[in-house]
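Engineer:
Numbering (our numbering), first residue to last: 62 to 363.
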């Protein structure tokens with residue numbers, strides 16, 4: 062079975078209607094604004110593009126290397142168990158990079174739009190593939206973080222998830238994570254010096270399990286509760302915006318086409334077309350910080 066078939070069954074197990082003949086997407090912003098104004102349950106799906114406008118690296122293509130490693134090589138459970146110190150250095154580096162960034166106009170526009178809809182007793186949901194937490198920092202509340210969050214940890218022993226914004230997250234990571242590696246300056250960090258769980262078990266004993274970043278790594282399944290939230294959001298959505306996604310990472314790449322196949326108006330906001338563009342109803346070329354204010358500023362709900 063293909064990945065798209067699997068996620069279709071997860072999200073909408075009913076029979077799928079085949080897409081009609083491919084049509085070029087519409088770029089009529091006033092028409093889509095009218096749809097937004099009448100919507101009761103807008104769903105926004107965001108990808109790396111919106112965070113790139115804040116200066117967050119995408120870790121893909123030529124920018125996908127840290128030291129001599131392809132970033133994707135480090136984003137696996139095997140890599141973590143082989144060298145947890147190395148993986149924690151990489152994520153410490155990412156945490157510190159994001160800490161220096163701020164939500165951009167795309168993020169803040171969505172946060173303001175959510176407030177507008179909620180004041181009118183409507184829902185407004187964001188599903189993000191990003192792990193930087195910038196939507197939350199911008200003020201968005203109803204955010205489903207599909208792939209986790211850089212500022213959360215998960216215990217490898219008891220499974221406890223905790224938010225953690227400490228800088229560094231443990232003393233051993235202070236000054237570490239530089240992308241240029243010098244073995245004399247950056248010896249391997251012993252596991253005992255990495256972050257460990259401080260939760261008490263039923264007997265009142267500290268867990269002490271090794272903590273890992275609360276990130277969905279390659280080869281791992283999405284959290285069952287997160288998928289449940291996605292199913293609810295997909296079922297109720299009556300309009301969808303896809304912002305800054307590459308449309309290559311599943312299951313998220315299948316969300317918008319699934320909604321479009323059910324007749325939900327879907328618009329893509331991106332600096333370039335994707336493999337999904339022709340299967341969606343609307344396409345607005347540009348950065349999220351430019352297009353989203355045009356869509357939502359002065360929006361009057363009907």
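Quick reminder that beta carbons are idealized off the backbone N, C-alpha and C, glycines included. As the structure is a prediction and not an experimental result, all values here were calculated from the model.
Going by DSSP, name the residue or residues bridged to residue 209.
Structural biologist: Its beta-bridge partners are 276.
Engineer: Where residue 251 and residue 210 are concerned, what is the direct C-alpha to C-alpha distance, given to the nearest angstrom?
Structural biologist: Using only the alpha carbons, I get a separation of about 24 Å.
Engineer: So, helix, strand or coil for residue 136, using DSSP?
Structural biologist: Correct three-state label for residue 136: coil.
Engineer: Residue 154 by DSSP, collapsed to three states: which one?
Structural biologist: Residue 154: helix per DSSP, three-state reduction.
Engineer: Any idea what DSSP makes of residue 331, helix, strand or coil?
Structural biologist: Here residue 331 sits in strand by DSSP.
Engineer: For the putative contact between residue 275 and residue 222, defined by C-beta atoms under 8 Å, what is the C-beta separation to the nearest angstrom?
Structural biologist: Confirmed, about 6 Å.
Engineer: What is the DSSP secondary structure of residue 168, reduced to helix, strand or coil?
Structural biologist: If DSSP states are grouped into helix, strand and coil, residue 168 belongs with the helices.
Engineer: For residue 348, count the other beta carbons within 10 Å of its own beta carbon; 16 or more makes it buried, fewer makes it exposed. Which is it?
Structural biologist: With 16 or more Cβ atoms within 10 Å of its Cβ, residue 348 is classed as buried.
Engineer: Secondary structure at residue 141, three-state DSSP: helix, strand or coil?
Structural biologist: In the structure shown, residue 141 sits in a helix (DSSP, three-state: H, G or I).
Engineer: Taking only the alpha-carbon atoms, compute the straight-line gap between residue 300 and residue 164 and give it to the nearest angstrom.
Structural biologist: Roughly 24 Å separates the two Cα atoms.
Engineer: Just list the residues that DSSP pairs residue 106 with in beta bridges.
Structural biologist: 188 and 303.
Engineer: Compute the Euclidean distance between the alpha carbons of residue 294 and residue 107, then round it to the nearest angstrom.
Structural biologist: Computed Cα separation, rounded: 14 Å.
Engineer: Measuring alpha carbon to alpha carbon, tell me which residue in 335, 260, 99 and 199 is nearest residue 217.
Structural biologist: Checking every option, the nearest Cα to that of residue 217 belongs to 260.
Engineer: Take the Cβ of residue 362 as the centre, count every other Cβ of all protein chains shown within 10 Å, and call the residue buried at 16 or more, exposed below.
Structural biologist: When all chains shown are included, residue 362 counts as exposed.
Engineer: Go ahead and pull the three-state DSSP assignment for residue 271.
Structural biologist: In this structure, residue 271 counts as strand in the three-state DSSP scheme.
Engineer: Where do the ends of the alpha helix (DSSP H) carrying residue 323 lie?
Structural biologist: From DSSP, residue 323 is part of no alpha helix (DSSP H); its letter is neither H nor E.
Engineer: Would residue 341 and residue 329 be called neighbours here (beta carbons separated by less than 8 Å)?
Structural biologist: Result yes, Cβ atoms of residue 341 and residue 329 sit closer than 8 Å.
Engineer: Measuring only the C-alpha atoms, how far is residue 183 from residue 95?
Structural biologist: About 16 Å.
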